[in-house]
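Q: A single structure is presented below for examination.
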Amino acid sequence: MSDLSVPPAVTGPTPATASSHRYPRPHLSRLGLGPGKMTRLKRLLYAHGPGGGTLLVLPIDQGLEHGPIDFFPNPDSLDPQYQYDLAREGNFSAIALHIGLAEKYFHEYAGDVPLILKLNGKTTIPSDTQAFSPLTGTVEDAVRLGADAVGYTVYVGSPAQDRDFLQFLEVRQAAQRLGMPVIVWAYPRGEAVGKKGGKESLYAVDYAARVAHELGADVVKLNYPVSSEKDADSPAPYNSLRLSPMEAFRKVVQSAGRSLVLVSGGEKIGDDEMMRKVRASMDAGATGIIFGRNMWQRPKADALRLTREVHAIFREYAQSP
Amino acid sequence: MSDLSVPPAVTGPTPATASSHRYPRPHLSRLGLGPGKMTRLKRLLYAHGPGGGTLLVLPIDQGLEHGPIDFFPNPDSLDPQYQYDLAREGNFSAIALHIGLAEKYFHEYAGDVPLILKLNGKTTIPSDTQAFSPLTGTVEDAVRLGADAVGYTVYVGSPAQDRDFLQFLEVRQAAQRLGMPVIVWAYPRGEAVGKKGGKESLYAVDYAARVAHELGADVVKLNYPVSSEKDADSPAPYNSLRLSPMEAFRKVVQSAGRSLVLVSGGEKIGDDEMMRKVRASMDAGATGIIFGRNMWQRPKADALRLTREVHAIFREYAQSP
Amino acid sequence: MSDLSVPPAVTGPTPATASSHRYPRPHLSRLGLGPGKMTRLKRLLYAHGPGGGTLLVLPIDQGLEHGPIDFFPNPDSLDPQYQYDLAREGNFSAIALHIGLAEKYFHEYAGDVPLILKLNGKTTIPSDTQAFSPLTGTVEDAVRLGADAVGYTVYVGSPAQDRDFLQFLEVRQAAQRLGMPVIVWAYPRGEAVGKKGGKESLYAVDYAARVAHELGADVVKLNYPVSSEKDADSPAPYNSLRLSPMEAFRKVVQSAGRSLVLVSGGEKIGDDEMMRKVRASMDAGATGIIFGRNMWQRPKADALRLTREVHAIFREYAQSP
Amino acid sequence: MSDLSVPPAVTGPTPATASSHRYPRPHLSRLGLGPGKMTRLKRLLYAHGPGGGTLLVLPIDQGLEHGPIDFFPNPDSLDPQYQYDLAREGNFSAIALHIGLAEKYFHEYAGDVPLILKLNGKTTIPSDTQAFSPLTGTVEDAVRLGADAVGYTVYVGSPAQDRDFLQFLEVRQAAQRLGMPVIVWAYPRGEAVGKKGGKESLYAVDYAARVAHELGADVVKLNYPVSSEKDADSPAPYNSLRLSPMEAFRKVVQSAGRSLVLVSGGEKIGDDEMMRKVRASMDAGATGIIFGRNMWQRPKADALRLTREVHAIFREYAQSP
Amino acid sequence: MSDLSVPPAVTGPTPATASSHRYPRPHLSRLGLGPGKMTRLKRLLYAHGPGGGTLLVLPIDQGLEHGPIDFFPNPDSLDPQYQYDLAREGNFSAIALHIGLAEKYFHEYAGDVPLILKLNGKTTIPSDTQAFSPLTGTVEDAVRLGADAVGYTVYVGSPAQDRDFLQFLEVRQAAQRLGMPVIVWAYPRGEAVGKKGGKESLYAVDYAARVAHELGADVVKLNYPVSSEKDADSPAPYNSLRLSPMEAFRKVVQSAGRSLVLVSGGEKIGDDEMMRKVRASMDAGATGIIFGRNMWQRPKADALRLTREVHAIFREYAQSP
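Residue numbers (our numbering), protein chains in the order written: chain A, 2 to 322; chain B, 2 to 322; chain C, 2 to 322; chain D, 2 to 322; chain E, 2 to 322.
This is the structure:
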């Protein structure tokens with residue numbers, strides 16, 4: 002859809018090598034951040050990881066969300082130390098995990114690996130029709146641990162959205178009060194989503210991006226929308242849009258407004274596809290990536306090699322603060 | 002229904018050019034407002050926007066309520082800066098939006114565009130049968146941001162009205178304590194409404210206006226009732242009333258008592274119809290309009306031209322404070 | 002039913018003209034009231050309205066409970082000023098209404114018309130099977146406004162009675178702490194009531210009177226029980242009782258114990274029937290009446306004439322404090 | 002000082018018989034009162050006592066403030082019932098006393114005699130050099146008892162003013178929140194006052210009136226300033242002012258701004274002098290008098306006779322609400 | 002002292018007509034203000050009063066601080082309406098006063114005259130050796146009243162500074178939480194100040210400016226330092242500094258850092274001297290003036306004429322936001 006207009010986004014200095022296909026990302030100075038959020042975000046965006054205003058996050062909450070099932074492809078990954086070591090050796094911007102993995106391991110990496118404390122989660126065992134992710138930690142826990150951000154999953158479109166919004170309200174207000182950046186895992190979910198094109202549809206992902214933005218996310222973690230036959234169930238005009246994956250993702254990034262976008266890795270993919278996704282994400286205006294299984298389901302040497310490649314790519318997108 | 006009696010309303014000085022068809026609107030001095038609510042309402046009604054005791058509000062909560070779907074007719078409108086710029090350039094009385102759009106953008110418009118912080122919202126994805134709109138922000142957020150009013154959606158007639166009323170009670174009391182005006186989005190909704198003529202019926206809109214008034218709204222946002230075959234399902238005498246649209250809306254304004262009335266724009270309509278609606282609303286005793294899609298789904302030049310027309314019309318209805 | 006035992010009631014000095022058919026009403030001095038409740042009840046019973054220990058209350062909560070539908074018979078009544086003026090001109094003991102009508106109008110009647118703040122309410126739109134009436138205000142609101150009593154609807158027999166009792170507990174305790182009299186609207190309601198004779202049956206009304214009394218009502222608003230074929234569904238011996246309407250109501254008054262009884266007017270009835278009901282209520286030991294639609298659905302002159310008649314009747318039942 | 006200018010005061014309708022020497026008093030409608038304060042003040046000013054917007058208050062806090070010593074001139078007055086009976090029989094606007102006399106006696110006068118709960122007090126036994134009057138009750142106590150106002154003593158000029166102001170802040174805010182009028186006993190006191198002309202000097206009384214006004218008194222109880230040789234110690238120009246007692250008191254009333262003024266009786270004086278003081282007070286713009294010892298140190302018959310005279314005088318100063 | 006280095010100050014666009022003697026004032030955009038403080042300060046600096054980023058404040062707290070003694074030169078000024086009218090007619094940026102004058106009068110000026118609620122105060126009667134100014138209101142009061150800033154007096158150097166700092170901490174935090182600008186009246190005071198050159202010395206005023214800045218003042222109200230023989234008691238090098246009044250004040254402004262400076266008027270001075278002071282203040286980098294006695298001790302016509310002159314001068318110093 003070449004006529005998908007792309008309004009000039011809020012941005013800082015354009016990187017010197019910007020091609021015509023690169024959309025700028027929101028610049029920290031325009032986000033209305035208080036000093037605490039600014040300090041912590043700058044630490045993630047400039048002082049650790051690839052820097053230059055980019056984010057490379059290693060999530061390890063799959064043990065709660067999916068169960069140990071995700072660790073079979075690489076048995077080493079069952080030990081949380083594995084991911085911590087990977088984050089340190091690969092110079093990630095941060096590691097994202099739940100309170101238990103923070104309490105028991107983080108003390109050995111404090112100062113080396115910035116921490117994003119994931120504040121809510123659930124198992125995959127019961128049905129997702131009324132998906133809701135209860136708190137496992139609080140912003141106060143994150144402060145106590147020395148974390149630099151918190152993560153919260155909003156299940157956009159779930160029939161349980163009332164409890165979800167109210168729970169997020171508490172998190173958002175505590176984070177505002179304590180100067181803690183909030184990263185929203187914005188996931189379409191629930192039976193109603195299923196009937197309107199499904200959780201991977203552009204309709205659903207696009208809506209999720211906007212909901213996270215309107216609810217007050219500083220950063221939003223998004224999946225790439227995936228086109229399928231079920232798109233026909235989406236409301237017009239989504240049911241007839243013909244966008245390239247890049248155009249679709251660009252649209253989602255725009256819907257996230259001045260919330261910085263982190264691209265979710267999802268299931269493990271091939272090396273080349275992964276690098277294309279990284280580059281496409283940054284071209285579309287994302288601020289970084291949050292790749293878990295695509296990192297730690299690989300042997301560590303492979304993961305570190307890929308990490309170095311990501312670093313190299315991100316350097317091309319570096320911005321001054 | 003020419004015999005629809007119109008009792009003498011509470012009002013201030015009659016405008017010099019009042020025709021026989023103009024019903025007066027409630028005057029601020031009669032509303033029992035404390036000094037904080039008075040100060041803030043006067044700012045909206047006299048110091049910004051068209052003034053003269055009128056309100057011209059630009060809402061941009063549709064991204065949450067409907068999804069980015071509403072931005073397709075005018076892709077520029079996907080960027081919240083667009084609406085902020087429109088509100089500033091068009092000299093609106095205020096912009097109304099959720100916490101995320103306030104935190105990330107308002108700092109660049111502070112002092113220029115008054116803020117109405119919308120305090121609850123929901124997505125349109127799950128079913129509306131038990132419609133309930135959870136909090137996304139609080140009155141304390143509004144004070145902290147320098148807002149001049151808060152907005153709250155009551156889903157009148159929803160089976161979830163018990164939670165809704167209780168949630169509104171907290172908002173109303175905080176607003177009373179902090180001197181913050183409360184604008185109620187009074188929307189008939191839920192399966193029971195559907196069985197009694199539907200959410201656009203005079204029965205439903207009229208009831209919604211009164212509920213907002215009795216619950217303590219300072220201002221109430223109302224839709225024009227729409228007559229249809231489903232009116233037959235409304236309770237008597239609504240099922241047999243034959244009112245002109247103007248008479249029907251006048252009835253609704255009366256049911257809102259001393260709560261000031263804001264007329265909702267709803268879906269985009271033609272220019273002439275829009276201006277007729279503006280004038281009819283003011284003639285019926287409304288205090289102003291809150292037009293979103295009818296503004297920002299138009300190209301900005303068109304929206305600004307229409308805004309100037311609204312300003313001109315409102316000047317005819319100006320009242321001294 | 003000559004064997005309906007009438008235990009010697011708690012009472013004060015017998016009025017000079019008491020006939021053999023007059024049952025005494027509870028006397029304030031025997032109710033164990035603290036000084037705040039005593040002060041405020043005396044204000045209603047002696048210092049305003051007909052006095053002499055009687056109550057004549059004008060309720061205007063029907064706009065919330067039934068919708069503007071109730072105002073059609075007398076369009077003037079749509080404006081809350083109408084009821085306030087009627088209460089002042091007719092010298093009512095008090096006006097009873099929700100927070101919105103208190104905040105926006107009461108300041109113009111403060112000192113003239115005592116206020117009973119109704120603390121909970123609901124719309125009639127959703128089904129009544131799980132009837133529950135959420136809070137719209139608090140006892141603190143009532144104190145702040147200068148009200149002399151609060152009103153609370155208990156839906157006796159509703160499947161939602163657990164939430165109802167707990168909500169009432171909060172109200173009752175705040176009222177006790179602040180010396181504020183509590184008037185309970187005791188209404189049988191909900192699907193289970195329907196199966197046992199219905200909400201108007203003696204079984205249901207009698208039970209409701211007792212529930213209000215046992216929960217701590219200072220005053221209880223009751224409907225006249227209505228005999229019907231559905232009585233057969235009531236538990237024994239209610240299913241076989243043959244009581245005159247007067248006997249039935251006397252029984253209900255007795256069930257309310259030392260809670261003062263206010264008789265509900267219900268739907269509009271004829272002038273003569275209304276006056277018979279007033280007299281019968283007082284004969285049965287009621288303390289007064291709370292007639293809304295029977296007052297303000299009439300033209301004001303008619304309502305004022307009837308009010309004067311009620312005053313005259315009440316004088317026959319005057320008691321010294 | 003005939004050139005003491007008297008700016009036009011805030012006032013309501015001038016009484017029909019106003020002479021050239023009558024200064025108007027502030028009118029309730031201009032005081033920015035919320036509905037609760039308005040309701041309660043109207044009760045004192047119009048519904049009880051002499052009415053017509055005047056106040057006749059009987060204080061009985063001398064047992065705490067001075068000890069039983071004050072009851073010797075009239076031994077009957079030692080029994081608090083005496084003052085309660087006097088207040089009822091003499092139709093006072095209210096009786097003012099501490100929590101103990103409220104708890105133990107007021108229940109027998111509830112509804113007849115409005116209550117002003119005095120919230121702080123002290124004995125006269127320790128030195129007054131650091132005068133401070135600690136709380137004996139709270140605004141919540143007053144609400145619970147059904148009081149219509151609270152009284153609070155501010156010792157203006159005391160070295161303990163910091164604790165005093167902070168204690169008053171709590172009282173003022175609770176009263177604002179609960180709609181309870183605040184009457185400030187504004188007394189110059191403490192060693193520093195003694196050095197600047199003494200507690201009865203115009204300098205001290207005038208300053209006290211203004212302090213009470215700026216701190217938020219709804220009503221202020223003031224003593225007549227008394228000229229003496231110590232005036233020379235007052236700051237200029239007070240040390241050289243030559244005002245008649247009437248001019249001096251008028252000045253004090255002006256300094257109280259829109260706080261209504263109650264004139265303190267002080268020590269017992271002769272009948273004629275007392276009536277001259279009443280009339281002079283009202284001429285100067287006071288709203289009423291608060292005479293204790295001058296009432297209950299007299300035999301009851303005398304006190305009631307004087308009370309009737311005060312009623313008669315006050316009728317000349319009646320204002321409509 | 003030509004070698005008094007003047008570092009380049011934080012500033013916005015330089016006014017077109019800036020002479021070499023004009024030092025820039027801090028620009029709002031550089032102050033790290035959250036949106037609420039920004040909104041409210043812009044209202045004072047741009048939307049009311051002279052505008053262009055200047056402040057013209059009328060204080061009327063002298064009745065509490067000094068007593069009615071200050072109103073003798075212009076008896077009309079005893080009535081607070083006088084100052085309110087002067088603020089409105091003279092188009093001041095705001096009026097600054099205590100809770101009592103806000104509660105009783107502001108409702109008639111709401112929307113016309115911005116309010117600065119002074120939160121602490123004391124009388125001048127007791128000795129100043131342990132100067133401490135207790136709270137008379139709170140930030141919540143200010144929000145409730147619709148105020149745009151709060152004022153707080155810090156007695157720099159007082160032996161009571163521990164209580165003062167702790168009290169200010171509460172105010173500053175509430176103000177931060179609610180987005181309310183804090184104006185600090187920074188006054189050197191207490192016996193220790195007296196021994197080090199006195200409260201008017203450069204040493205004392207300079208220190209006070211810095212204390213207010215370090216404690217978190219958004220705006221600081223300062224007096225001009227006055228050179229005297231007592232300077233010799235100040236610590237070195239203050240005891241030997243030879244600065245012109247302008248240089249001395251410039252030094253003080255620098256010590257206030259990014260806290261905006263309001264210049265205090267102090268005792269009444271002549272017209273020409275007053276205007277020279279205004280111009281000198283602005284040249285030194287002040288943001289505005291807060292002149293009380295110099296305004297309302299003059300006849301209103303004179304005050305308004307001088308106000309117009311101040312407006313004219315301020316226009317020369319206008320900055321864009």
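In this text, a Cβ means the ideal position worked out from N, Cα and C, and glycines have one as well.
Does DSSP classify isoleucine 314(A) as helix, strand or coil?
A: In the structure shown, isoleucine 314(A) sits in a helix (DSSP, three-state: H, G or I).
Q: Inspect the beta-carbon positions of glycine 64(B) and glutamate 215(A) and report whether they are closer than 8 Å.
A: Contact flag set, yes.
Q: Using a threshold of 8 Å, state whether the C-beta atoms of threonine 139(D) and glutamate 66(D) are closer than that.
A: In this structure, glutamate 66(D) does not lie closer than 8 Å to threonine 139(D) by Cβ.
Q: On the three-state DSSP scale, how would you describe alanine 285(B)?
A: Reduced to three states, the DSSP call for alanine 285(B) is coil.
Q: Who are the neighbours of leucine 336(D) on chain C, taking C-beta pairs under 7 Å?
A: Nothing can be reported for residue 336(D): it is not among the residues displayed for chain D, which extend from 2 to 322.
Q: Along the region 37 to 56 of chain D, where does the CB come closer than 7 Å to a CB of chain C? Name the residues.
A: Residues passing the 7 Å Cβ filter: Gly37, Met39, Thr40, Arg41, Lys43, Arg44, Tyr47, Ala48.
Q: Could you name the residues of chain C that valine 194(B) contacts, counting a contact when the two beta carbons are closer than 8 Å?
A: Within 8 Å Cβ-Cβ: Ile126.
Q: Please go through the region 169 to 237 of chain C and give each complete beta strand (DSSP E) segment of 3 or more residues, from N-terminal end onward.
A: List check, beta strand (DSSP E) in window: 183 to 189, 220 to 223.
Q: Apart from the five residues just before and just after lysine 38(E), which ones in its own chain have a Cβ nearer than 6 Å to its Cβ?
A: Hits under 6 Å: Gly180, Pro182.
Q: Check whether the region 282 to 292 of chain A touches the region 246 to 263 of chain A, counting contact only when three or more Cβ pairs, one atom from each stretch, lie closer than 8 Å.
A: Short answer: they touch.
Q: Roughly how many angstroms separate the alpha carbons of aspartate 4(C) and leucine 242(C), rounded to a whole number?
A: Its pLDDT being 35, under 50, aspartate 4(C) is placed unreliably in this model, and the value from its coordinates should be taken loosely. Their Cα atoms are separated by approximately 12 Å.
Q: Going by DSSP in three states, alanine 19(A) sits in which element: helix, strand or coil?
A: Annotation note: pLDDT 38 at alanine 19(A) (below 50); position unreliable, coordinate value reported separately. Looking at alanine 19(A) - three-state DSSP - the assignment turns out to be coil, as it is neither helix nor strand.
Q: Could you give the first and the last residue of the continuous alpha helix (DSSP H) run that contains glycine 37(A)?
A: Looking at the DSSP string, the run of the alpha helix (DSSP H) that includes glycine 37(A) is 36 to 43.
Q: Decide if serine 332(E) is buried, meaning its Cβ has at least 16 other Cβ atoms within 10 Å, or exposed.
A: Chain E is shown from 2 up to 322; residue 332(E) falls before or after that span and cannot be answered.
Q: Along the chain, which unbroken stretches of the beta strand (DSSP E) at least 3 residues long are found entirely within the region 64 to 113 of chain E?
A: DSSP runs (the beta strand (DSSP E)) wholly in the region 64 to 113 of chain E: 95 to 98.
Q: So, with DSSP's three-state summary, where would you put serine 256(B)?
A: It is helical.
Q: For tyrosine 47(C), which three-state DSSP category applies?
A: If DSSP states are grouped into helix, strand and coil, tyrosine 47(C) belongs with the helices.
Q: Below 8 Å, can you find three or more Cβ-Cβ pairs linking the region 71 to 88 of chain C to the region 130 to 147 of chain C?
A: Contact fails: fewer than three Cβ-Cβ distances are below 8 Å.
Q: I'd like to know whether the C-beta of histidine 108(C) is nearer than 8 Å to at least one C-beta of chain D.
A: Yes, its Cβ sits closer than 8 Å to a Cβ of chain D.
Q: At a CB-CB cut-off below 7 Å, which residues of chain B make contact with alanine 111(E)?
A: Going along chain B in sequence order, the residues near alanine 111(E) (Cβ under 7 Å) are Pro36, Met39, Thr40, Lys43.
Q: Against chain A, does leucine 102(B) count as a neighbour if the rule is that its beta carbon must be under 8 Å from one of theirs?
A: Yes - at least one Cβ of chain A is within 8 Å of the one on leucine 102(B).
Q: In angstroms, rounded to a whole number, what distance separates the CA positions of proline 76(C) and tyrosine 204(A)?
A: Taking the straight line from one Cα to the other gives about 48 Å.
Q: Give the secondary structure of valine 11(A) by DSSP, where H, G and I count as helix, E and B as strand, and everything else as coil.
A: Low confidence applies to valine 11(A): its pLDDT is 36, below 50, so where it sits in the model is not reliable, and the reading given next is rough at best. Here valine 11(A) sits in coil by DSSP.
Q: Please classify leucine 167(C) as buried or exposed, where buried requires at least 16 other C-beta atoms within 10 Å of its C-beta.
A: With fewer than 16 other Cβ atoms within 10 Å, it is exposed.
Q: Which partner residues does alanine 150(D) have in the DSSP bridge list?
A: Per DSSP, Ile117(D).
Q: Between proline 81(B) and chain E, is any beta-carbon pair separated by less than 8 Å?
A: By this cut-off, proline 81(B) is not an interface position.
Q: Looking at the unbroken beta strand (DSSP E) that takes in serine 265(A), where does it start and where does it end?
A: First-last of the beta strand (DSSP E) with serine 265(A): 261 to 265.
Q: For the region 94 to 106 of chain B against the region 21 to 32 of chain E, do three or more pairs of beta-carbon atoms, one drawn from each stretch, fall closer than 8 Å, so that the two count as touching?
A: No: the two stretches stay apart, fewer than three of their Cβ pairs being nearer than 8 Å.
Q: By Cβ distance below 7 Å, which residues in the same chain neighbour leucine 136(C) in space, the five residues on each side in sequence not counted?
A: Closer than 7 Å at the Cβ level, and outside the excluded window around leucine 136(C), lie Leu120, Asn121, Gln168.
Q: Quick check: the Cα distance between serine 235(E) and serine 202(E), rounded to an integer number of angstroms?
A: Cα to Cα, the separation comes out at about 8 Å.
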